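Peer 1: Sequence positions in the sequence shown follow numbering that gives the first Met the number 0 and run 0 to 267.
Idealized CB from N, CA, C, for every residue including glycine.
Just so you know, these numbers come straight off a predicted model, no measurement behind them.
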Amino acid sequence: MTCQVIEDDVAFATVSGKTLTVGAGVDGPTFSDGYWITLSAPPTADVIVSLGCADTNVFYTKRLLFTPDNWDRKYVAVNASLADPDVLEGRTATLTHSVASSDAFFDGLAVSDVEIAVEFSVDSVPPPKLELVRFLDGGNGLDVLFDSATNMVDGEWDIDCATLFEYAAQQFGADGTCAWTNSSALRVTFGAGAQIVPFDYVAATEKNAAWLKGGVLKNDLDGATLTSAAQYAEAQKPLDPILPAISITAPESVGKCDGVVLDARGAT
Numbered sequence: 000m001t002c003q004v005i006e007d008d009v010a011f012a013t014v015s016g017k018t019l020t021v022g023a024g025v026d027g028p029t030f031s032d033g034y035w036i037t038l039s040a041p042p043t044a045d046v047i048v049s050l051g052c053a054d055t056n057v058f059y060t061k062r063l064l065f066t067p068d069n070w071d072r073k074y075v076a077v078n079a080s081l082a083d084p085d086v087l088e089g090r091t092a093t094l095t096h097s098v099a100s101s102d103a104f105f106d107g108l109a110v111s112d113v114e115i116a117v118e119f120s121v122d123s124v125p126p127p128k129l130e131l132v133r134f135l136d137g138g139n140g141l142d143v144l145f146d147s148a149t150n151m152v153d154g155e156w157d158i159d160c161a162t163l164f165e166y167a168a169q170q171f172g173a174d175g176t177c178a179w180t181n182s183s184a185l186r187v188t189f190g191a192g193a194q195i196v197p198f199d200y201v202a203a204t205e206k207n208a209a210w211l212k213g214g215v216l217k218n219d220l221d222g223a224t225l226t227s228a229a230q231y232a233e234a235q236k237p238l239d240p241i242l243p244a245i246s247i248t249a250p251e252s253v254g255k256c257d258g259v260v261l262d263a264r265g266a267t
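This is the structure we're talking about:
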């Protein structure tokens with residue numbers, strides 16, 4: 000017998016928090032922000048991610064090293080100063096990534112850019128951003144995690160999904176519901192006709208992500224003025240998906256010339 004072992008891992012990298020907010024004041028950076036880069040599979044050789052930004056007053060981690068033994072995810076810290084101390088206004092910048100590796104599957108891999116809003120603000124911390132969107136084990140909803148405590152918009156535990164998310168009716172179903180489980184975590188329960196599907200590393204589409212509206216969420220500190228920017232996060236597969244239960248019912252005995260009827264059912 001001949002067996003063929005097929006490697007089904009796909010080389011890809013995801014970026015959490017694709018839109019950052021950092022603070023800058025007359026004396027330099029006032030608050031920082033950051034994000035994670037996660038590889039989809041262990042590489043066979045070191046993977047080096049080099050970062051770049053045209054704005055010389057944005058400061059960030061310049062280089063990340065993923066190894067076969069330490070490959071899961073790495074954090075990028077970002078802060079900034081005013082481009083001109085006499086100009087007290089915000090600006091935007093873009094952080095880019097390039098990937099090099101002796102592993103041909105990871106070498107030259109495309110990694111999403113990260114947009115940075117540099118704000119001149121009285122706030123001491125950045126507004127919340129999407130940290131993780133993951134399907135529930137039963138596949139009937141999502142857990143949405145933010146990187147910091149939010150003001151929950153109006154402080155109510157139940158919230159209209161359309162208040163927070165673009166395309167809510169299409170993505171989560173017409174009767175989908177959203178409820179906070181704590182100030183930094185939200186549970187989405189799908190209604191009929193939900194179209195969002197787990198992120199596909201090979202054929203990613205807009206249906207693989209949850210899209211947060213901008214200008215809605217703030218952090219939970221009194222006097223906060225900055226709101227979260229519009230952003231999206233890929234919907235990750237369940238951690239421990241519930242497998243279908245298959246049952247087949249058949250007669251206990253069958254005559255030599257009798258027909259056989261099998262009743263096969265599957266359920267989750």
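If you reduce the DSSP assignment to three classes, tell me which class Cys177 lands in.
Peer 2: The three-state reading of DSSP puts Cys177 in strand, counting E and B together.
Peer 1: Is it the case that the segment 206 to 226 contacts the segment 96 to 109, given that we only count it when at least three CB pairs across the two stretches are under 8 angstroms?
Peer 2: no
Peer 1: Rounded to whole angstroms, what is the Cα-Cα separation between Leu129 and Thr66?
Peer 2: 27 angstroms
Peer 1: Which same chain residues, not among the five before or five after Glu233, have their C-beta less than 8 angstroms away from its C-beta?
Peer 2: Thr13, Val132, Phe198, Ala203, Asn207, Ala208
Peer 1: Is it buried or exposed for Ser123, if we count other Cβ within 10 angstroms and need 16 for buried?
Peer 2: Burial check for Ser123: the Cβ neighbour count within 10 Å stays below 16, so the residue is exposed.
Peer 1: Confirm, please, whether the CB-CB distance from Gly213 to Gly190 is below 7 angstroms.
Peer 2: no
Peer 1: Is it right to say Leu108 is buried, meaning 16 or more other beta carbons lie within 10 angstroms of its own, or is it exposed?
Peer 2: buried
Peer 1: Might you give, ordered along the chain, the residues of its own chain that have their beta carbon closer than 8 angstroms to the beta carbon of Leu163, omitting 5 neighbours on each side?
Peer 2: Val152, Cys177, Leu185, Leu211, Lys212, Val215, Leu216
Peer 1: Leaving out five residues on either side along the sequence, give the residues of the same chain with a beta carbon under 8 angstroms from the beta carbon of Leu261.
Peer 2: Ile247, Thr248, Ala249
Peer 1: Taking contact to mean at least 3 C-beta pairs separated by less than 8 angstroms, is the segment 41 to 58 in contact with the segment 134 to 144?
Peer 2: no
Peer 1: Looking at the structure shown, is Ala79 part of a helix, part of a strand, or coil, going by DSSP?
Peer 2: strand
Peer 1: With H, G and I counted as helix, E and B as strand and the rest as coil, what does DSSP make of Thr162?
Peer 2: helix
Peer 1: Answer with buried or exposed for Ala228, where buried requires no fewer than 16 other C-beta atoms within 10 angstroms of its C-beta.
Peer 2: buried
Peer 1: According to DSSP, is Gln230 helix, strand or coil?
Peer 2: Gln230 sits in a strand when the DSSP states are folded into three classes.
Peer 1: Classify Lys73 as helix, strand or coil using the three-state DSSP reduction.
Peer 2: strand
Peer 1: Give me the Cα-Cα distance between Val110 and Ala92, rounded to the nearest whole angstrom.
Peer 2: 17 angstroms
Peer 1: Taking only three categories from DSSP, how would you classify Asn56?
Peer 2: coil
Peer 1: Do you know whose CA, among Thr1, Ala161, Thr224, lies nearest Ser120's CA?
Peer 2: Thr224
Peer 1: Helix, strand or coil: which one does DSSP assign to Ala209?
Peer 2: Of the three classes helix, strand and coil, the one that applies to Ala209 here is strand, per DSSP.
Peer 1: Could you pull out every residue in the same chain whose Cβ sits closer than 7 angstroms to the Cβ of Val187, ignoring the five residues on either side in sequence?
Peer 2: Gly140, Leu141, Val143, Cys160, Phe171, Gly175, Cys177
Peer 1: Count the other C-beta atoms from every protein chain shown that fall within 10 angstroms of the C-beta of Cys256, then say buried if there are 16 or more, exposed otherwise.
Peer 2: exposed
Peer 1: When DSSP builds the beta bridges, which residues end up paired with Asn218?
Peer 2: Thr149
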